[in-house]
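The block underneath contains the structure these notes are about, expressed in structure tokens.
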Amino acid sequence: MGDTHLYNVLGVSRNASSSEIKKAYHRMAKEYHPDKNPESAEKFKEIRNAYDILSNPEKKEIYDNFGMQGLADGFSPGGPGFPFGDVLGGMFGMRGGFMGSRHRRQRGDDTTHHLRVTLEDFYNGKTAKLQLSRTVLCKACGGAGGRGNVLTCRMCHGHGIKKTMRQLGPGMMQEIQTTCPECRGEGESYSDKDKCVPCMGRKVVNEDKILEVHVDKGMRDGQKILFRGEGDQLPDVDPGDVIIILTQIEHKKFVRNGEDLYYKHTLGLTEALCGFEMVLKHLDKRQLLIKSEPGEVFRPGARKVIKEEGMPVYRNTFERGDLIIEFNIKFPPPHFIGEPELKELEKLLPEPSQVSVPMDDDTVEEVTLVEMSASRRNNRRSEAYEEDHDHFNHRGSGGAHMQCAHQ
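For what it's worth, UniProt numbering labels the leading residue of the sequence shown as 1, then goes sequentially.
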């Protein structure tokens with residue numbers, strides 16, 4: 001038996017699945033977190049360390065084979081020292097040391113899938129079910145393709161490759177190699193009567209598999225979740241991995257930046273000057289009541305922070321970022337307030353700056369402000385262009401007329 005200390009820390013068996021390890025960690029982290037139990041800080045660190053290793057497939061594989069010493073020595077799966085037979089395989093070109101001469105099995109391609117996730121899912125966590133279609137070894141024949149004598153393919157003569165010649169030009173030929181269609185590159189096959197009926201001699205069949213994808217709190221857009229060995233199965237090939245890439249759906253109100261959340265809110269002029277109350281519906285459906293301080297004036301673009309109401313920190317969900325609210329001010333339309341009301345309003349607002357106007361100076365001229373629209377500005381430009389154009393045409397036609405008269 002190998003080292004089981006980390007499994008004992010989390011209270012799970014050595015054969016526990018990744019889901020069972022994750023559930024055990026969350027259960028124990030809540031119980032021993034320093035915020036709830038200050039005396040258990042060291043215990044919490046031990047729990048966190050155990051989870052960091054056992055939740056990482058590569059670290060877990062090293063720990064299961066070599067214990068903590070293997071992690072300290074920097075072993076890696078398939079690398080030097082993992083296990084003894086691989087060392088000899090690297091030295092003598094074979095796997096299994098002196099006792100075997102089998103070559104290292106090939107590894108299949110990885111399969112990538114994108115999973116669309118809402119910001120609420122990243123905040124609260126979610127388990128999604130994803131149905132995949134993959135090839136698996138035929139159970140009826142054990143991936144052999146049939147029963148009885150194996151026949152060498154007559155088309156490729158056991159090479160698995162079909163060669164054809166193509167003429168490119170006079171005296172120029174090109175050899176083309178393609179996978180043999182008769183044996184599909186295997187180099188051998190069974191007679192029709194010996195072929196496996198379920199897979200028709202292909203050795204593999206299609207299978208639908210449902211994966212449970214656990215989106216943990218605090219995960220990010222673009223983060224990858226790995227399912228080892230869940231890729232397509234092929235004879236004499238180790239299956240590749242299934243990689244799930246999380247893709248965040250844009251939220252209508254919140255914007256995420258790291259662990260912080262940003263939210264925009266518009267105030268009326270009265271609210272900006274006299275105070276306000278607002279209710280903000282958070283990503284976990286809580287209602288946050290927000291009030292301004294008495295006498296506080298909000299300017300356009302002002303930002304306020306609500307501490308620890310942002311996104312949970314990945315793998316440390318007891319910590320959170322901040323919620324940052326940016327305030328915009330909606331001003332009333334022109335001439336909204338009459339002259340009598342303006343006089344009353346002036347009494348409440350700070351006094352305006354006084355400007356000394358020398359009315360007896362001949363250089364002073366009073367002008368009137370009017371609204372400027374884009375259409376008016378474009379019309380003025382168009383009129384100016386037409387005047388210049390007409391003036392140019394008039395001069396051009398007059399010059400030509402004078403020249404003809406002169407002739």
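Just so it is clear, CB atoms sit at the ideal spot from N, CA and C, and this is done for glycine as well.
When C-beta atoms of the stretch 320-336 are compared with those of the stretch 252-267, three or more pairs fall below 8 Å, so the two segments count as touching.
In the three-state reduction of the DSSP assignment, Ser189 falls in the strand class, which pools E and B. Annotation for Thr112: the continuous beta strand (DSSP E) segment containing it runs Thr111 to Val117. DSSP lists Val313 as the beta-bridge partner residues of Asn316. Rounded to whole angstroms, the Cβ separation of Gly201 and Gly145 is 5 Å, and the two are in contact under 8 Å.
Under the DSSP assignment, Ala72 falls in the alpha helix (DSSP H) whose first and last residues are Pro57 to Ala72. Glu271 sits in a helix when the DSSP states are folded into three classes. Taking a C-beta distance under 7 Å as the contact criterion, Gly108 and Asp284 do not qualify as a contact pair. In this structure, the straight-line span from the alpha carbon of Asn124 to that of Asp216 is close to 8 Å.
Minimum Cα-Cα distance from Pro294 among the listed residues Glu271, Asn56 and Gly338 corresponds to Glu271. A direct Cα-to-Cα measurement between Leu273 and Ile329 gives close to 10 Å. Where Asp52 is concerned, the enclosing alpha helix (DSSP H) starts and stops at Ala41 to Leu54. The DSSP assignment places complete beta strand (DSSP E) segments of no fewer than 3 residues inside the stretch 183-270 at 204-215, 224-227, 242-248, 254-257 and 260-268, in order along the chain. In this structure, Cys138 places its C-beta atom within 7 Å of the C-beta atom of Pro198.
Close CB contacts of Glu371 within its chain, under the 8 Å cut and outside five residues either way in sequence, are with Pro334 (chain order). Three or more pairs of CB atoms, one per stretch, sit closer than 8 Å, so the stretch 24-37 contacts the stretch 45-54. By the neighbour-count definition (other C-beta atoms within 10 Å, threshold 16), Met219 is a buried residue. If you check the CB distance, Glu182 and Cys153 come in under 7 Å. Around the beta carbon of Val9, 16 or more other beta carbons sit within 10 angstroms, so the residue counts as buried.
CA-to-CA, the gap between Pro358 and Val367 works out to about 15 Å. Annotation for Lys343: the continuous alpha helix (DSSP H) segment containing it runs Glu339 to Leu348. Of all C-beta pairs linking the stretch 348-355 to the stretch 60-68, fewer than three are shorter than 8 Å, placing the two stretches out of contact. Each residue's CA atom was taken as its position, placing Ile53 and Leu6 some 8 Å apart.
In the three-state reduction of the DSSP assignment, Met28 falls in the helix class, which pools H, G and I. Lys307 sits in coil when the DSSP states are folded into three classes, being neither helix nor strand.
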